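Enquirer:
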Amino acid sequence: MSTNTTVMVVDDNALLRFGLIGAIDLETGLESVGGAPNAEEALTLYAEQKPNIIIMDYRMPGMSGVECTEQILAESPQAKIILYSVYESEEEIWKAVQAGVKGYLTKTAGAVEDVMEAIHEVANGGTFFPASIQEKLEARKQQEELTPRELEVLQLLGEGQSNKEIADVMDISLSTVKIHVTNIRDKLGAADRTQAVVIAFKRGILSL
Numbered sequence: 001m002s003t004n005t006t007v008m009v010v011d012d013n014a015l016l017r018f019g020l021i022g023a024i025d026l027e028t029g030l031e032s033v034g035g036a037p038n039a040e041e042a043l044t045l046y047a048e049q050k051p052n053i054i055i056m057d058y059r060m061p062g063m064s065g066v067e068c069t070e071q072i073l074a075e076s077p078q079a080k081i082i083l084y085s086v087y088e089s090e091e092e093i094w095k096a097v098q099a100g101v102k103g104y105l106t107k108t109a110g111a112v113e114d115v116m117e118a119i120h121e122v123a124n125g126g127t128f129f130p131a132s133i134q135e136k137l138e139a140r141k142q143q144e145e146l147t148p149r150e151l152e153v154l155q156l157l158g159e160g161q162s163n164k165e166i167a168d169v170m171d172i173s174l175s176t177v178k179i180h181v182t183n184i185r186d187k188l189g190a191a192d193r194t195q196a197v198v199i200a201f202k203r204g205i206l207s208l
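According to full-length UniProt numbering, the sequence shown is numbered sequentially starting from 1.
#1: In terms of residue numbering, what span does the alpha helix (DSSP H) encompassing aspartate 25 cover?
#2: Where does glutamate 48 sit, in a helix, a strand or coil, going by DSSP?
#3: Where does phenylalanine 128 sit, in a helix, a strand or coil, going by DSSP?
#4: Quickly, what does DSSP pair methionine 8 with across the bridge? List them, please.
#5: Between aspartate 114 and the rest of its own chain, which residues show a CB-CB distance below 7 Å, the 5 nearest in sequence each way excluded?
#6: Under the DSSP definition of a beta bridge, which residues are partnered with residue 210?
#7: Applying the 10 Å Cβ sphere with the 16-neighbour rule, what's the burial state of proline 51?
#8: If we call anything under 8 Å between Cβ atoms a contact, is methionine 116 one with glutamine 49?
#9: Ignore the nearest five residues each way along the sequence and tell me which others in proline 61's own chain have a CB closer than 7 Å to its CB.
#10: Please name the residue in Ala123, Arg59, Leu16, Ser76 whose C-alpha comes closest to that of lysine 95.
#11: Should valine 181 go down as buried or exposed, given a rule of 16 or more other Cβ atoms within 10 Å for buried?
#12: Between leucine 43 and isoleucine 72, how many whole angstroms is the CB-CB distance? I'm expecting something under 8 Å.
#13: How far does the beta strand (DSSP E) with glutamate 31 in it reach, from first residue to last?
#14: I'd like to check one pair, glutamate 90 with arginine 140: are the Cβ atoms closer than 8 Å?
#15: Would valine 86 be called buried (16 or more neighbouring beta carbons within 10 Å of its own) or exposed?
#16: Taking the alpha carbon of glycine 35 as the point to measure from, which residue in Gln195, Leu15, Gly29, Pro77 has its own alpha carbon closest?
#17: By DSSP, does leucine 208 sit in helix, in strand, or in coil?
#18: Looking only at its own chain, which residues have a Cβ that is under 6 Å from the Cβ of glutamate 92, when we skip the five neighbours before and after it?
Shown next as structure tokens:
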């Protein structure tokens, strides 16, 4: 019986998927159990193979990598999943960590060697988050959660609306809007409303 760490690759990009599968099979101590082009097929393949590690793309047609992670872990809490993506926004990374991933790599920086290192680290019980990812996670942990109302105000700020316009849209008093704006600034560590919007876009809390 093989003592190799078994790995499954999930990516809608066939070139990347087969490239990673080939690299895994060439790596000492690792063995691929195949791949899937989407999350739906990944769920089926995981149920059949129960690999030690899953390498999965963040965004795919249909179900996302985060949603697939949540489904797999709901059924198999012991599963070890590493997400990789071209996206490096603080909010995207935070969602992945909240879903329960053991590692996160960016495709821009995630050379094959990094992927192999991540697999070995996670297989040995650790986690793998490069320095740039760790910095974003620390910033996100320090940021208190914005309430739904504050997020709504922030969205309207991002659209360039004034406090008066926001009050009219949300049907709340001007003083309440000002309180929300102050709370948003405090939670994002912003000096003013403009900086709060800039930070929100940078962290992926707001998107164009």
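Don't be surprised by glycine CBs; every beta carbon is placed ideally from N, CA and C. Computed from a prediction, not measured in an experiment: that's the story for all the values here.
Expert: Checking against the coordinates, here is how it stands:
#1: The sequence position of residue 25 within the sequence shown is 25, counting from 1. 14-26 is the extent of the alpha helix (DSSP H) around aspartate 25.
#2: Here residue 48 corresponds to residue number 48 of the sequence shown, with the count starting at 1. Reduced to three states, the DSSP call for glutamate 48 is helix.
#3: As a position in the sequence shown, residue 128 is number 128, starting the count at 1. Strand at phenylalanine 128.
#4: Here residue 8 is taken as the residue at index 8 of the sequence shown, counted from 1. DSSP output for methionine 8 lists Ile54 as bridge partner(s).
#5: In the sequence shown, counting from the first residue as 1, residue 114 sits at position 114. Within the same chain, aspartate 114 has close Cβ partners Leu105.
#6: What the structure shows of the chain is the stretch from 1 to 208, and residue 210 is not part of that stretch, so it cannot be assessed.
#7: One-based indexing of the sequence shown puts residue 51 at position 51. Classification of proline 51: buried, given that the 10 Å Cβ count is 16 or more.
#8: In the sequence shown, residue 116 corresponds to position 116, counting from 1. In the sequence shown, residue 49 corresponds to position 49, counting from 1. Contact flag unset, no.
#9: Sequence index remark: in the sequence shown, residue 61 carries index 61 (1-based). Answer for proline 61: Asp12, Asn38, listed in chain order.
#10: Indexing the sequence shown from 1 puts residue 95 at position 95. Nearest C-alpha to lysine 95: Arg59.
#11: Here residue 181 is taken as the residue at index 181 of the sequence shown, counted from 1. Under this definition valine 181 is a buried residue.
#12: As a first step, residue 43 must be located in the sequence shown, where it is residue number 43. As a first step, residue 72 must be located in the sequence shown, where it is residue number 72. That belief holds up - the Cβ atoms of leucine 43 and isoleucine 72 are roughly 7 Å apart, short of 8 Å.
#13: The sequence position of residue 31 within the sequence shown is 31, counting from 1. Where glutamate 31 is concerned, the enclosing beta strand (DSSP E) stretches over 30-36.
#14: Counting from one through the sequence shown, the residue named residue 140 turns up at place 140. Counting from one through the sequence shown, the residue named residue 90 turns up at place 90. Cβ distance < 8 Å, so arginine 140 and glutamate 90 count as in contact.
#15: The residue labelled residue 86 in the question sits at position 86 within the sequence shown. Under this definition valine 86 is an exposed residue.
#16: On the sequence shown, position 35 is the one that residue 35 refers to. Minimum Cα distance to glycine 35 is reached at Leu15.
#17: In the sequence shown, counting from the first residue as 1, residue 208 sits at position 208. It is coil, neither helix nor strand.
#18: Mapped onto the sequence shown, residue 92 falls at position 92. Around glutamate 92: Gly204.
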